[in-house]
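Peer 1: Below is the structure I would like to discuss, written out as C-alpha cells.
There are 2 protein chains.
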Amino acid sequence: MSKIERKEREKQLRRESILDAAESVFFEKGLIASTMDEIAEKAELSKGTLYLYYRSKDDLYLGVICRGFDILIIKLIESVSPNVSTIQKLLNIGSAYYNFSQKHTHYFRMFSFLESPQFHTMASEELLNESHNQSKRAWDVIIDVISNGIKDGTFRENIDPVQMAIILWSNATAIMKLKDRKDQFWIENLNVDVDTILQKSNAMLVSTMLTENAKRYYQPKL
Amino acid sequence: MSKIERKEREKQLRRESILDAAESVFFEKGLIASTMDEIAEKAELSKGTLYLYYRSKDDLYLGVICRGFDILIIKLIESVSPNVSTIQKLLNIGSAYYNFSQKHTHYFRMFSFLESPQFHTMASEELLNESHNQSKRAWDVIIDVISNGIKDGTFRENIDPVQMAIILWSNATAIMKLKDRKDQFWIENLNVDVDTILQKSNAMLVSTMLTENAKRYYQPKL
DNA sequence: CAATTAAATGACTGTCGGTCATTAAAATGT
DNA sequence: ACATTTTAATGACCGACAGTCATTTAATTG
Numbered sequence: 001m002s003k004i005e006r007k008e009r010e011k012q013l014r015r016e017s018i019l020d021a022a023e024s025v026f027f028e029k030g031l032i033a034s035t036m037d038e039i040a041e042k043a044e045l046s047k048g049t050l051y052l053y054y055r056s057k058d059d060l061y062l063g064v065i066c067r068g069f070d071i072l073i074i075k076l077i078e079s080v081s082p083n084v085s086t087i088q089k090l091l092n093i094g095s096a097y098y099n100f101s102q103k104h105t106h107y108f109r110m111f112s113f114l115e116s117p118q119f120h121t122m123a124s125e126e127l128l129n130e131s132h133n134q135s136k137r138a139w140d141v142i143i144d145v146i147s148n149g150i151k152d153g154t155f156r157e158n159i160d161p162v163q164m165a166i167i168l169w170s171n172a173t174a175i176m177k178l179k180d181r182k183d184q185f186w187i188e189n190l191n192v193d194v195d196t197i198l199q200k201s202n203a204m205l206v207s208t209m210l211t212e213n214a215k216r217y218y219q220p221k222l
Numbered sequence: 223m224s225k226i227e228r229k230e231r232e233k234q235l236r237r238e239s240i241l242d243a244a245e246s247v248f249f250e251k252g253l254i255a256s257t258m259d260e261i262a263e264k265a266e267l268s269k270g271t272l273y274l275y276y277r278s279k280d281d282l283y284l285g286v287i288c289r290g291f292d293i294l295i296i297k298l299i300e301s302v303s304p305n306v307s308t309i310q311k312l313l314n315i316g317s318a319y320y321n322f323s324q325k326h327t328h329y330f331r332m333f334s335f336l337e338s339p340q341f342h343t344m345a346s347e348e349l350l351n352e353s354h355n356q357s358k359r360a361w362d363v364i365i366d367v368i369s370n371g372i373k374d375g376t377f378r379e380n381i382d383p384v385q386m387a388i389i390l391w392s393n394a395t396a397i398m399k400l401k402d403r404k405d406q407f408w409i410e411n412l413n414v415d416v417d418t419i420l421q422k423s424n425a426m427l428v429s430t431m432l433t434e435n436a437k438r439y440y441q442p443k444l
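Just so you know, the sequences run in chain order L and B.
Numbering of the first sequence is given in my numbering, commencing with residue 1 and proceeding in unit increments.
Numbering of the second sequence is given in my numbering, commencing with residue 223 and proceeding in unit increments.
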C-alpha cells in the first residue's frame, strides 16, 4: 500500500514547510521575539497544527538548528575530503567553520541555544538528542583528522585527539562568537582585529601540536 | 539636610535586599523559570515595588550579574597583587578565574546571558553598560599583567597584550563552560578530563608567548 | 495636626505558549 | 455512489506571567 508512503512523504513535507516558516521568523526576530502565531501565519496554518508537528517552540527552534548542523557538517566533510596533507585538512576545517559562521550567521548564533540548558526548558529529549548527535558528528570530523595526523607523524604522539579537537573547536567558536557581537561591546573601542586573533590563536595551538619533523614543512605564524 | 542622605541610603538598602531575593530565586530556578511574583514574595514586597527599583526582570538579572563581577574582579585583583613573577601572576589569574567558576557556578553561568543579545530584550542600556564596564575591568587586569610581562622580558615583544588577553580569557571561559555542562553532553561518554584540557590549552597558549629567556625558567607542560 | 510628598500596593491588562473540543477532509469498505 | 471510519486541521480558550497604574499607606513638612 503506497498510500501510506505517500502520506508519510506529505507529512514530512509539511514538517519541512513549517520549519521554513519558523526559520524565517527566527532569523528575523530571534527566539524570544518570535511568536507561534506569527510562525503559523507564515506557514499558512493554524497555531494548533504546528503542535501536531512539533511539541514546542523550543523544538521548532531546535529543528532549525539541526538544519544548520546539516549545512555545517557537509561543509566540514567537504573540507577534509581532498587528498591533501593533514595540516592542510586542519586549515580547511578552520576555514570551513569560519566561512559557515560568516555566511550562516543566524544558524551559528542559534547554536548557542544548546549551551544554556536553562533557556530550553520546553525542548523535547528527542530533538535535543538529535542536535547533540549532529554536533557530535561535527566533532568527529576534526577528531578524525587529528587522529590521522598523529599516525602520519604530523602531530606529536603524546597528544590526545579528543582533547585537541575540543581545544581547537572551543577556541575557534569562542573567538568567532566574539567577532559576531563585537560591535556592541567594549572591544570595538580597542583596535583589535578579531580575524587576526582567530588566526593567531589557532596558529599558537597548532604549533604546539606539531612534531619536530612537521615543523620543518609548516611554521604557523605566531 | 541629612534626612535626604538617609533616604538615599535606605533606598540603596532596599535595592540590595531586592537583589538578595532575586539572586536566591535566580540561583535556584534560572532566568526563565523565575517569576517576578516569586521574587517579590521573597523580598516581602509587592511586585509593583520591584519595578520602582528595577525596570525589568532582565535588569534584575543583570543586577545579580554585576554582583558576580564584583566578586570576580576582587579575586582577580587579589591574585595579581602579590609581588611574584609575571608567569606566576598569570597562573594566579587562571586559578582565580577557575576557582570562581567552581565556587560561584551560578554567577559564572549567568555571565552567558550577556553574550546573547537576543535573550535580554528587556534589559536597560544603563545596566547593560554597567555590566559591560565591569567585564572590561576584569579584562584590564589580565591585559595589564601581559603588558608588564612584555616589558620585563617574559613575553615576546611582538605579541599584542589585548589580543593575548582575549585569547587566554576566551579559551579559559569556553573550556570552563564545557566543564560546567559536560554531564548532559556527549563528552561524558568519552573519557576526557576537562580540567586537564584547561591546563593543557592554557599551557599551549602561554608557551608560544614566552621569550627564549623565559622558557629557561618555566616550561609549560604540553 | 492638616497638607503635601514619597513609597508601596495589588488588581488589572495584554501577550503568548500551549490545549482540546469541534470541524473538515481523506481514506476505506460495501 | 455513498456511509463510515480515520486522520488532519482549526481557532476559541486557558493559564501563566511581565509589566502598569489608580489607589492606598506611610513619611515629611510647615
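In this text, a Cβ means the ideal position worked out from N, Cα and C, and glycines have one as well.
I'd like to know if the stretch 153–172 of chain L and the stretch 54–72 of chain L are in contact, where contact means that at least 3 CB-CB pairs between them fall below 8 angstroms.
Peer 2: No, they do not touch.
Peer 1: Output the boundary residues of the alpha helix (DSSP H) element that contains MET344(B).
Peer 2: If you number the second sequence from 1, residue 344(B) lands on position 122. No alpha helix (DSSP H) contains MET344(B), which DSSP labels as neither H nor E.
Peer 1: Put LEU127(L) into one of helix, strand or coil per three-state DSSP.
Peer 2: Indexing the first sequence from 1 puts residue 127(L) at position 127. LEU127(L): helix per DSSP, three-state reduction.
Peer 1: Report the residue from LYS151(L), ALA96(L), ASN171(L) whose alpha carbon sits nearest the alpha carbon of LEU198(L).
Peer 2: Locating residue 198(L) in the first sequence gives position 198, counting from the first residue. When only C-alpha atoms are compared, the closest one is ASN171(L).
Peer 1: In the structure shown, what three-state DSSP assignment does LEU312(B) receive?
Peer 2: On the second sequence, position 90 is the one that residue 312(B) refers to. Helix, per DSSP.
Peer 1: Identify which residue in ASP366(B), GLY252(B), GLU352(B), PHE248(B) has its Cα closest to the Cα of THR308(B).
Peer 2: Position 86 of the second sequence, counted from the first residue, corresponds to residue 308(B). Of ASP366(B), GLY252(B), GLU352(B), PHE248(B), the residue nearest in Cα terms is ASP366(B).
Peer 1: Restricting to runs no shorter than 4 residues, where is the alpha helix (DSSP H) found entirely within the stretch 1–46 of chain L?
Peer 2: List check, alpha helix (DSSP H) in window: 2–33, 36–42.
Peer 1: Identify the continuous alpha helix (DSSP H) that holds PHE330(B) and give its terminal residues.
Peer 2: By one-based count along the second sequence, residue 330(B) stands at place 108. Its alpha helix (DSSP H) spans residues 327–333.
Peer 1: Along the stretch 340–370 of chain B, what residues have a CB closer than 7 angstroms to any CB found in chain L?
Peer 2: Going along the stretch 340–370 of chain B in chain order, one finds GLN340, PHE341, THR343, HIS354, LYS358 with a Cβ nearer than 7 angstroms to chain L.
Peer 1: If you follow the alpha helix (DSSP H) that TYR283(B) is in, where does it begin and where does it stop?
Peer 2: Residue 283(B) sits at position 61 when you count from the first residue of the second sequence. Unbroken alpha helix (DSSP H) run through TYR283(B): 279–302.
Peer 1: Per DSSP, LEU210(L) forms a beta bridge with which residues?
Peer 2: Within the first sequence, residue 210(L) is the residue found at index 210, counting from 1. The partner list for LEU210(L) (beta bridge, DSSP) reads PHE155(L).
Peer 1: Taking C-beta to C-beta, are PHE100(L) and LEU72(L) nearer than 8 angstroms?
Peer 2: Position 100 of the first sequence, counting from 1, holds the residue named residue 100(L). Position 72 of the first sequence, counting from 1, holds the residue named residue 72(L). Yes, these two residues count as a Cβ contact at 8 angstroms.
Peer 1: So which residues of chain B does ILE32(L) contact, with C-beta pairs closer than 7 angstroms?
Peer 2: Taking the first residue of the first sequence as 1, we reach residue 32(L) at position 32. Here the neighbours are GLN340, PHE341, THR343.
Peer 1: Ignore the nearest five residues each way along the sequence and tell me which others in ASP382(B)'s own chain have a CB closer than 7 angstroms to its CB.
Peer 2: Start at 1 with the first residue of the second sequence, and residue 382(B) comes out as number 160. So the list is empty, once near-sequence residues are dropped.
Peer 1: Indicate whether PHE450(B) and PHE341(B) have their beta-carbon atoms separated by less than 8 angstroms.
Peer 2: Because chain B is modelled from 223 through 444, residue 450(B) falls outside the range shown and cannot be assessed.
Peer 1: Per the contact definition of three or more C-beta pairs closer than 8 angstroms, is the stretch 41–57 of chain L in contact with the stretch 120–130 of chain L?
Peer 2: The stretch 120–130 of chain L vs the stretch 41–57 of chain L: in contact.
Peer 1: Output, in sequence order along the chain, the residues in the stretch 310–330 of chain B whose CB is closer than 8 angstroms to any CB in chain L.
Peer 2: From the stretch 310–330 of chain B, no residue has a Cβ closer than 8 angstroms to chain L.
Peer 1: Examine the ligand NAP and report whether any of its heavy atoms sits within less than 7 angstroms of the Cβ of LEU72(L).
Peer 2: Looking for the ligand NAP in the displayed structure turns up nothing, as the structure carries no ligands at all.
Peer 1: Using the Cα positions of GLN234(B) and MET258(B), report the straight-line distance between them to the nearest angstrom.
Peer 2: On the second sequence, residue 234(B) is found 12 positions in, with the first residue counted as 1. On the second sequence, residue 258(B) is found 36 positions in, with the first residue counted as 1. Taking the straight line from one Cα to the other gives about 20 angstroms.
Peer 1: At a cut of 8 angstroms, does the stretch 419–439 of chain B reach the stretch 359–376 of chain B through at least three beta carbon pairs?
Peer 2: A contact exists between the stretch 419–439 of chain B and the stretch 359–376 of chain B.
Peer 1: Using a threshold of 8 angstroms, state whether the C-beta atoms of ILE315(B) and VAL363(B) are closer than that.
Peer 2: Against the second sequence, residue 315(B) aligns to sequence position 93. Against the second sequence, residue 363(B) aligns to sequence position 141. Yes.
Peer 1: Taking only beta carbons into account, state which residues of the stretch 197–221 of chain L come closer than 7 angstroms to chain B, listed in chain order.
Peer 2: From the stretch 197–221 of chain L, only ILE197, LYS200, SER201, MET204, LEU205, SER207, THR208 have a Cβ closer than 7 angstroms to chain B.
Peer 1: Quick check: what's the CA-CA separation for GLU263(B) versus LEU350(B)?
Peer 2: In the second sequence, counting from the first residue as 1, residue 263(B) sits at position 41. In the second sequence, counting from the first residue as 1, residue 350(B) sits at position 128. C-alpha separation (whole angstroms): 26 angstroms.
Peer 1: The alpha helix (DSSP H) with VAL162(L) in it runs from where to where?
Peer 2: As a first step, residue 162(L) must be located in the first sequence, where it is residue number 162. VAL162(L) -> alpha helix (DSSP H) spans 161–181.
Peer 1: Please list the residues of the stretch 46–75 of chain L that have a C-beta atom closer than 7 angstroms to any C-beta atom in chain B, keeping them in chain order.
Peer 2: Answer set for the stretch 46–75 of chain L: empty.
Peer 1: Kindly list the residues whose CB is nearer than 7 angstroms to the CB of ASN74(L), restricted to its own chain and excluding five residues on each side of it in sequence; keep chain order.
Peer 2: The residue labelled residue 74(L) in the question sits at position 74 within the first sequence. The question names Asn, yet the displayed sequence has Ile at residue 74(L). Around ILE74(L): no qualifying Cβ.
Peer 1: Between ALA22(L), ILE187(L), HIS132(L), LEU76(L), which lies nearest to HIS482(B) when the distance is taken from Cα to Cα?
Peer 2: Here chain B covers residues 223 to 444 and nothing more, so residue 482(B) does not appear.
Peer 1: Leaving out five residues on either side along the sequence, give the residues of the same chain with a beta carbon under 7 angstroms from the beta carbon of SER34(L).
Peer 2: Position 34 of the first sequence, counted from the start, is the residue given in the question as residue 34(L). VAL25, PHE26.
Peer 1: So VAL384(B) contacts chain L; which residues on that side make the cut at Cβ distance below 8 angstroms?
Peer 2: Residue numbering aside, residue 384(B) sits at position 162 when the second sequence is read from its first letter. Here the neighbours are LEU190, VAL192.
Peer 1: Taking THR395(B) as the query, report the chain L residues whose CB atoms sit under 8 angstroms from its CB, ordered along the chain.
Peer 2: On the second sequence, position 173 is the one that residue 395(B) refers to. The contacting residues are ALA174.
Peer 1: Is the separation between the beta-carbon of VAL384(B) and that of LEU190(L) shorter than 8 angstroms?
Peer 2: Numbered from its first residue, the second sequence carries residue 384(B) at position 162. Numbered from its first residue, the first sequence carries residue 190(L) at position 190. Yes. Within cutoff.
Peer 1: In whole angstroms, what separates the C-alpha of LEU19(L) from that of TYR440(B)?
Peer 2: On the first sequence, residue 19(L) is found 19 positions in, with the first residue counted as 1. On the second sequence, residue 440(B) is found 218 positions in, with the first residue counted as 1. If you take the alpha carbons of LEU19(L) and TYR440(B), they lie about 54 angstroms apart.
Peer 1: Near SER423(B), what residues of its chain come up, given a Cβ to Cβ distance below 7 angstroms and the 5 sequence neighbours on each side ignored?
Peer 2: Residue mapping note: residue 423(B) aligns to position 201 of the second sequence, counting from 1. Excluding sequence neighbours, SER423(B) sits near ASN393, ILE397.
Peer 1: How is ASP417(B) classed by DSSP in three states: helix, strand or coil?
Peer 2: Mapped onto the second sequence, residue 417(B) falls at position 195. Residue state, collapsed to three classes: helix.
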